[in-house]
Amino acid sequence: MSEHVDSVKTYTAVWLILLVLTGVTTGVAYIDLGAFSVVVALVIAAVKMLLVALFFMHMRHSTRLTQLAAAGAFLWLFIMMAFTLADVWTRGLVGTPGR
Amino acid sequence: MNTAAIEQRENYLNAGYGLKSWLLTKDHKRIAILYLITVTIFFFIGGIFASLIRIELLTPQGDLVSSETYNKLFTMHGIAMIFFFLIPSIPATLGNFFLPMMIGARDLAFPRVNLLSWYLLVIGGAFALFAMLAGGVDTGWTFYTPYSTTYSNTWVIATALGIFVSGFSSILTGLNFIVTVHRMRAPGMTWFRMPLFVWANYATAVIQVLGTPVVAVTIVLLFCERAFHIGIFDPALGGDPVLFQHMFWFYSHPAVYIMVLPAMGVISEIISVFSRKPIFGYHFVAFSSMAIAVIGFLVWGHHLFVSTQSVYAGLVFSFLSYFVAIPSAVKVFNWTATLYKGSISFATPMLYAFGFIGLFTIGGLTGLFVASLGFDVHVTDTYFVVAHFHYVMVGGTIMAFLGGLHYWWPKMTGRMYPENWAKLSAAIIFVGFNLTFFPQFILGYLGMPRRYHVYPDEFQVLHVLSTAGASILAIGYLFPMFYFMWSLRYGEVASANPWGATGLEWAMPSPPPVHNFDEIPVVTHEAYDYSTVVGEGVEVG
Amino acid sequence: MKLPLFPESASNFAPDVDHLLYYLVAVSVFFTVVIFAAIFYFAIRYRRRSENELPEPIHASLALEIAWSVIPFGLTMIMFGWGANIFFKESRPPQNAMQVYVVAKQWMWKLQHMEGQREINELHIPVGRPVKLTMTSEDAIHSFFVPAFRTKQDVVPGRYSTTWFTATKPGKYHLFCAEYCGTKHSGMTGWIYAMEPQDYQAWLSGGRAFGSLAENGEKLFQDLACGNCHKVDGSGRCPSLAGLFGRSVQLADGRYVTADEAYLRESILQPNAKIVAGYQPLMPTFQGLVTEEGVLQLIEYIKSLSPQPAAGAGTTPAEINVNPGAATPALSNR
Amino acid sequence: MAEQAHAHAESLALREQFNTAEQQKESSTFGMWVFLVTEVMFFGGLFLAYTIYRNTYPTVFGMASTSLNAVIGALNTAVLLCSSFTMVLAVRASQLGKRKAIVIFLILTLLLGMVFLGVKAYEWNEKFVEHHIPGAHFHFEGMAEQGPAQLFFTLYFVMTGLHALHMVVGVGILSWLLYHAARGRFTAEYMTPVDIAGLYWHFVDIIWIFLFPLLYLIDRHMK
Chain A
0 MSEHVDSVKT YTAVWLILLV LTGVTTGVAY IDLGAFSVVV ALVIAAVKML LVALFFMHMR
60 HSTRLTQLAA AGAFLWLFIM MAFTLADVWT RGLVGTPGR
Chain B
0 MNTAAIEQRE NYLNAGYGLK SWLLTKDHKR IAILYLITVT IFFFIGGIFA SLIRIELLTP
60 QGDLVSSETY NKLFTMHGIA MIFFFLIPSI PATLGNFFLP MMIGARDLAF PRVNLLSWYL
120 LVIGGAFALF AMLAGGVDTG WTFYTPYSTT YSNTWVIATA LGIFVSGFSS ILTGLNFIVT
180 VHRMRAPGMT WFRMPLFVWA NYATAVIQVL GTPVVAVTIV LLFCERAFHI GIFDPALGGD
240 PVLFQHMFWF YSHPAVYIMV LPAMGVISEI ISVFSRKPIF GYHFVAFSSM AIAVIGFLVW
300 GHHLFVSTQS VYAGLVFSFL SYFVAIPSAV KVFNWTATLY KGSISFATPM LYAFGFIGLF
360 TIGGLTGLFV ASLGFDVHVT DTYFVVAHFH YVMVGGTIMA FLGGLHYWWP KMTGRMYPEN
420 WAKLSAAIIF VGFNLTFFPQ FILGYLGMPR RYHVYPDEFQ VLHVLSTAGA SILAIGYLFP
480 MFYFMWSLRY GEVASANPWG ATGLEWAMPS PPPVHNFDEI PVVTHEAYDY STVVGEGVEV
540 G
Chain C
0 MKLPLFPESA SNFAPDVDHL LYYLVAVSVF FTVVIFAAIF YFAIRYRRRS ENELPEPIHA
60 SLALEIAWSV IPFGLTMIMF GWGANIFFKE SRPPQNAMQV YVVAKQWMWK LQHMEGQREI
120 NELHIPVGRP VKLTMTSEDA IHSFFVPAFR TKQDVVPGRY STTWFTATKP GKYHLFCAEY
180 CGTKHSGMTG WIYAMEPQDY QAWLSGGRAF GSLAENGEKL FQDLACGNCH KVDGSGRCPS
240 LAGLFGRSVQ LADGRYVTAD EAYLRESILQ PNAKIVAGYQ PLMPTFQGLV TEEGVLQLIE
300 YIKSLSPQPA AGAGTTPAEI NVNPGAATPA LSNR
Chain D
0 MAEQAHAHAE SLALREQFNT AEQQKESSTF GMWVFLVTEV MFFGGLFLAY TIYRNTYPTV
60 FGMASTSLNA VIGALNTAVL LCSSFTMVLA VRASQLGKRK AIVIFLILTL LLGMVFLGVK
120 AYEWNEKFVE HHIPGAHFHF EGMAEQGPAQ LFFTLYFVMT GLHALHMVVG VGILSWLLYH
180 AARGRFTAEY MTPVDIAGLY WHFVDIIWIF LFPLLYLIDR HMK
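Those protein sequences? They're chains A, B, C and D, same order as listed.
For the first sequence, numbering that gives the first Met the number 0 assigns the number 0 to the initial residue and increments by one for each residue that follows.
For the second sequence, numbering that gives the first Met the number 0 assigns the number 0 to the initial residue and increments by one for each residue that follows.
For the third sequence, numbering that gives the first Met the number 0 assigns the number 0 to the initial residue and increments by one for each residue that follows.
For the fourth sequence, numbering that gives the first Met the number 0 assigns the number 0 to the initial residue and increments by one for each residue that follows.
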């Protein structure tokens, strides 16, 4: 009944990459990349998340439904952020305080 | 009829007696009955607050209660009605009872989680009730900061905790419905053979799962700010009160679709059965439920048009708010088209369905009014908005809830309700409702602000009209309470399919056995194929 | 027994909003009548004659579905455009608007004219002249709502919010607080007196003046010793304030911000939020040291340092040819 | 219909509302994923507040973030990643039905989880000593007005606090799992609880994967 079982080798490889990426993201933070540093931090975190989700959480061979659910969660997170930032970033753009 | 025959046959009601069999049940039907009792209690608590408000507003000076009490009255009316009646009512009672049966399952995917959901609602309700009895809360059901965190000295935290706990009841019900619909449909029950009631509850479950956690975390932040005086939404400490409004309405607008979508599902069932025709444009009505669920998350900013939200965000939210109105319009047109060339019976559920379509149409159209930026600037926070959402919530959800209750009562209890009393109360409710809330549209455009305890005396006549309507409405709501109880003992015994309906739930005896189906049915027909039902000796109630 | 069914139309926005209302009501009545008629006709025409009657199932028609999706959508887009147009006009007060400062506090409105007049829960304004209100709150969120003018704007603590209107009909109009703000929320009301320009002038000169806002601002500027750092020639450790108002300022992180009232208020109460390029974050916060009225006076003083005369500061308003009594007076200053 | 579960071990029998064991497992897994969706939205609200306030007070957030110890944060992240690693090995062992391996890896995961919580407690105590806990005694050096700095630490404590709470719940689940694994309840046929606990644990790890850079590493170069 057990579906595809990954090998220990795969898990170890993913684990080591994750540790390396943690080191990288910490190191990169000490370099002054200006506004770009938050982008780099988020990209590295996203890569680590995908690694954990695909390999450790067996997303690779799970049903399309669970993949859809995960994608849906991040789409809704994006909707919440995008529309709230749409307000915060365009406040006062019309030149009148409070509009 | 042989009432004795009902007693012998084993069904979910006589499968066990005593408190333990009810309080520890894992049967979705019994949990639905527990929910029915809980939401009815909260409906009447909310109703008492509503009648006090309406009596208070008879006079411009506000002679019945002090302003503090009045502020608590409208707040507790809002909280009791929204969080403890409207949100759980249709999904948790009618949805819990009939969704598994309609898709041919023996129970929901996680029966114990279902029971936990009911307990969470009761615990949350207990917190809210304690707060009401201990002194009440006066922040409005919206808890806007910085008033709720800094300036209100009432039971804000206890009530917020109650809503936080009952929110998880809504989340877990949604989770249960999604997994059940995806994983436990009977063989042959494809997505487009499912009844539209199941589609509506599925779309509601998606909203519950995606929206409710955000209000949960907003309440956590509200609690932190109020308890520890740290400024998340407090402008003096650099916080942004409008951010609270964004996070609150991100959930609370989709929450109004949690309240109305299941009602639409009930109406689709009733319209189809009592005109004995499949719903016109089944696919469009099904997809419009999903469309409302999705687009419902993109429009919350229309609650913030005058709250110093930026003009450009206002434009975006106003534009998208018109997108979410289209699926609702499509539904109303399809229901009306279903009546064409049908065989329409005027049983009580159908009267409630007609009432729903009429009142929901007015409610929806006035939604178009308030979605328009320039117009909303004038009418937001006035009685125009109060009238709009009561037309959709009371004229829509409660009419559909009563219609669904009357439609499925024979199946739930094995007894028929008294038809004439039911028709009378439906008529009284319809008249009382319109007399209560239509004058409020005029009041709103005149500029009468919401949540006012004292008002200029030129508004008094309209308020008196509204209060008169409210008293008729209150009487109308008492009728079903009595004759439903009466029908449990003296009602005519109901057959398995008194209305000639097509759902799987009508294929089993009333009241249904504990495991719903002896044999999991194989579904071969479309959703509303009446050729399979008419022809047997069908006594129509 | 007074029973008004329609609010007075007393501002430049009122006719627009009323015409939008007529359009909205027309569309709604049309659809309501169509649906009600269809239901009643079908219900009676196709009522159930016999129990075993089985009507022909009719499933769907794509054309009909598209029709009753696209047509209503078209109608709603007109609603959207019309409403957005009004909203956009309301968000940009004209340059020559008469400035009034509003400070809302739990359960009263404090209004201050440029010339120094202070009013509680009352606002006297001349007819035919655009009036811009710059508002803030000292505690909870309030909302400045004048039904006769069809305008409403939340007054949020911690920032300025703006609303403007031009009274077109002399009279006494309700002022309500429209955002729930506590015990006496329903008592936080007042009156707007729209007066003929000459009556307004009489009221203005008659009222006890406390010295114009800018003068009080200058006194406060000296009391708080702002001058030690903000020297006029800019030699101090802080930027000079001469000619600052309305200018675009470059911040430490390179962004450009126009120095409007909101920027000045934030720089006084939370100086570290936006630091000017080339300067250190040395300025202490005046949060709690300066009242909201004090901040307004300081801003008026800083405005008076700007070269172009701040609109309405003490100058007699230009004669506006308003033909009183006309239904929708032709406003020359549009 | 489906006869009782043929699993020979005294595993949880097939729930009566399911027809096949396969349907029960898929439902449980999908149910957990839907629950994780609600958790994403729950933490999402916090990330939204963080994004807005970091956007409004970039410099203050930068200065406040540099007061946190990034090295300890990085080590703690490594500890949590190791616990995820041992957890997935435990799930793999349960797929193969190797009872002893499940027990060992669960113990390792539990230990690493507790180490993480211990380090967290140490960091919080350090913050307490430095008066960085929001509230009456809050004071942050070199900052004119304390408001926005207190805002950062409010978000810091609420986010890491809720994450730690989820860790504590995770430790509880793992202990329950360990108790049953030790008694041989999980076989190759019935390992759903281990799988689901794994999903939850990995999710809590993913939340920390985002919390660490966003809270600890803002403008680290400014020091």
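Just so you know, even glycine gets a beta-carbon here, dropped at the ideal spot from N, CA and C.
Once you ignore the five residues that flank M415 of chain B on each side, which residues in its own chain have a CB closer than 6 Å to its CB? For the purposes of this step, residue 415 of chain B is taken as the residue at position 416 of the second sequence. Closer than 6 Å at the Cβ level, and outside the excluded window around M415 of chain B, lie P409, G490, E491, A493 and G540.
Straight-line gap, P3 of chain C to F458 of chain B (C-alpha atoms, nearest Å): Here residue 3 of chain C corresponds to residue number 4 of the third sequence, with the count starting at 1. Here residue 458 of chain B corresponds to residue number 459 of the second sequence, with the count starting at 1. So the two alpha carbons sit approximately 8 Å from each other.
Proximity test, Cβ basis, 9 Å: P192 of chain D and chain A: Translated into the one-based positions of the fourth sequence, residue 192 of chain D becomes position 193. So, not an interface residue.
Listed in chain order, which residues of the stretch 249 to 273 of chain B have Cβ atoms closer than 8 Å to some Cβ of chain A? F249
Cβ atoms of L76 of chain A and M31 of chain D: under 9 Å apart, would you say? Taking the first residue of the fourth sequence as position 1, residue 31 of chain D is located at position 32. Taking the first residue of the first sequence as position 1, residue 76 of chain A is located at position 77. Contact flag unset, no.
In the stretch 0 to 73 of chain B, which residue ranges form an unbroken alpha helix (DSSP H) of at least 4 residues, counting only runs that do not cross its ends? 2 to 7, 18 to 22 and 27 to 55
In the stretch 252 to 269 of chain C, which residues sit with their C-beta less than 9 Å from some C-beta in chain D, listed in chain order? D252, L268 and Q269
Residue span of the alpha helix (DSSP H) that contains V130 of chain C, given as start and end: Locating residue 130 of chain C in the third sequence gives position 131, where the first residue counts as 1. Where V130 of chain C is concerned, there is no enclosing alpha helix (DSSP H), although the beta strand (DSSP E) it sits in stretches over P129 to S136.
According to DSSP, simplified to helix, strand and coil, what is D153 of chain C? Sequence index remark: in the third sequence, residue 153 of chain C carries index 154 (1-based). In the structure shown, D153 of chain C sits in a strand (DSSP, three-state: E or B).
Might you give, ordered along the chain, the residues of its own chain that have their beta carbon closer than 7 Å to the beta carbon of P194 of chain B, omitting 5 neighbours on each side? Position 195 of the second sequence, counting from 1, holds the residue named residue 194 of chain B. Contacts found: M101, E268, G502 and A526.
For N70 of chain B, which residues from the same chain have a beta carbon less than 6 Å from its beta carbon, with the 5 sequence-adjacent residues on both sides left out? For the purposes of this step, residue 70 of chain B is taken as residue 71 along the second sequence, with counting starting at 1. D137, listed in sequence order.
Within chain B, the residues that A42 of chain C reaches when beta carbons sit closer than 8 Å: Numbered from 1 along the third sequence, position 43 holds the residue referred to as residue 42 of chain C. Going along chain B in sequence order, the residues near A42 of chain C (Cβ under 8 Å) are L338, I343, F345 and F353.
Going by DSSP in three states, K104 of chain C sits in which element: helix, strand or coil? By one-based count along the third sequence, residue 104 of chain C stands at place 105. DSSP places K104 of chain C in strand when its eight states are reduced to three.
Do we get a CB-CB distance below 9 Å when we pair G22 of chain A with the residues of chain D? As a working note, residue 22 of chain A is residue 23 in the first sequence. True, the Cβ-Cβ gap to chain D drops below 9 Å.
On the CB-based measure, 16 or more other CB atoms within 10 Å of its CB, does F481 of chain B come out buried or exposed? Within the second sequence, the letter at position 482 stands for residue 481 of chain B. By the neighbour-count rule (16 or more Cβ atoms within 10 Å), F481 of chain B is not buried but exposed.
Round the Cβ separation of I301 of chain C and L243 of chain C to the nearest angstrom and send it over; I've been treating them as touching at under 8 Å. As a working note, residue 301 of chain C is residue 302 in the third sequence. As a working note, residue 243 of chain C is residue 244 in the third sequence. Contact holds; Cβ gap of about 6 Å.
Within 8 Å: the Cβ of L23 of chain B and any heavy atom of the ligand SAH? Inclusion of the ligand SAH in the displayed structure is not the case, the ligand content being empty and no account of it being possible.
Buried or exposed: where does R488 of chain B fall if 16 or more other Cβ atoms within 10 Å of its Cβ makes it buried? Counting from 1 along the second sequence, the entry for residue 488 of chain B is found at position 489. That one is exposed.
Closest Cβ-Cβ distance between A85 of chain A and chain B: below 9 Å? On the first sequence, position 86 is the one that residue 85 of chain A refers to. True, the Cβ-Cβ gap to chain B drops below 9 Å.
Y56 of chain D versus chain C: which residues are under 7 Å apart at the beta carbon? Taking the first residue of the fourth sequence as position 1, residue 56 of chain D is located at position 57. Result: A272.
When DSSP builds the beta bridges, which residues end up paired with Y49 of chain D? By 1-based counting over the fourth sequence, the position of residue 49 of chain D is 50. Partner(s): none; Y49 of chain D has no beta bridge.
Chain D contact residues for D106 of chain B, given Cβ-Cβ distances below 9 Å: Within the second sequence, the letter at position 107 stands for residue 106 of chain B. By Cβ distance, chain D contributes R14, E15 and Q16.
Beta-carbon separation of T28 of chain D and T65 of chain A under 9 Å? Within the fourth sequence, numbered from 1, the residue matching residue 28 of chain D stands at position 29. Within the first sequence, numbered from 1, the residue matching residue 65 of chain A stands at position 66. In this structure, T65 of chain A lies closer than 9 Å to T28 of chain D by Cβ.
Between the beta-carbon of D528 of chain B and the beta-carbon of P56 of chain C, is there less than 9 Å? The residue given as residue 528 of chain B occupies position 529 in the second sequence. The residue given as residue 56 of chain C occupies position 57 in the third sequence. Taking 9 Å as the Cβ cut-off, D528 of chain B and P56 of chain C qualify as a contacting pair.
Quick one: Cα of E260 of chain C to Cα of R91 of chain C, how far? Working through the third sequence from its first residue, we reach residue 260 of chain C at position 261. Working through the third sequence from its first residue, we reach residue 91 of chain C at position 92. For E260 of chain C and R91 of chain C, the distance between alpha carbons rounds to 14 Å.
The stretch 284 to 297 of chain C: which residues have C-beta closer than 8 Å to a C-beta of chain D, in chain order? T284 and Q286
Within 10 Å of its beta-carbon, does W175 of chain D have 16 or more other beta-carbons around it, so buried, or fewer, so exposed? If you number the fourth sequence from 1, residue 175 of chain D lands on position 176. It counts as exposed.
Which residues does DSSP pair with S10 of chain C in a beta bridge? The residue you call residue 10 of chain C lines up with position 11 of the third sequence. Its beta-bridge partners are C:A166.
Terminal residues of the continuous alpha helix (DSSP H) containing F143 of chain C? As a working mapping, residue 143 of chain C is identified with position 144 in the third sequence. Where F143 of chain C is concerned, there is no enclosing alpha helix (DSSP H), although the beta strand (DSSP E) it sits in stretches over H141 to V145.
From B:K19, B:T68 and B:M75, residue whose alpha carbon lies closest to that of G45 of chain B: Within the second sequence, residue 45 of chain B is the residue found at index 46, counting from 1. Nearest of B:K19, B:T68 and B:M75 to G45 of chain B, Cα basis: B:M75.
Residue range of the unbroken alpha helix (DSSP H) whose run includes P125 of chain C: Here residue 125 of chain C corresponds to residue number 126 of the third sequence, with the count starting at 1. Not the alpha helix (DSSP H): P125 of chain C falls in the beta strand (DSSP E), residues E121 to P125.
Chain-ordered chain B contacts of I51 of chain D [CB-CB under 9 Å]: For the purposes of this step, residue 51 of chain D is taken as the residue at position 52 of the fourth sequence. Residues of chain B passing the Cβ test: D239, L242 and H245.
Flag this pair as yes or no: are the beta carbons of S547 of chain B and R53 of chain B separated by less than 9 Å? This structure cannot speak to residue 547 of chain B, because chain B is shown only from 0 to 540.
Closest by CA to I162 of chain B, which one among B:L477, B:H282 and B:V219? Against the second sequence, residue 162 of chain B aligns to sequence position 163. When each option's Cα is compared against that of I162 of chain B, the closest is B:V219.
Rounding to the nearest angstrom, what Cα-Cα distance links Q267 of chain D and A73 of chain D in this structure? Any question about residue 267 of chain D goes unanswered here, given that chain D covers just 0 to 222.
Can you say whether K151 of chain C is buried or exposed, counting buried as having 16 or more other CB atoms within 10 angstroms of its CB? In the third sequence, the residue the question calls residue 151 of chain C occupies position 152. Buried.
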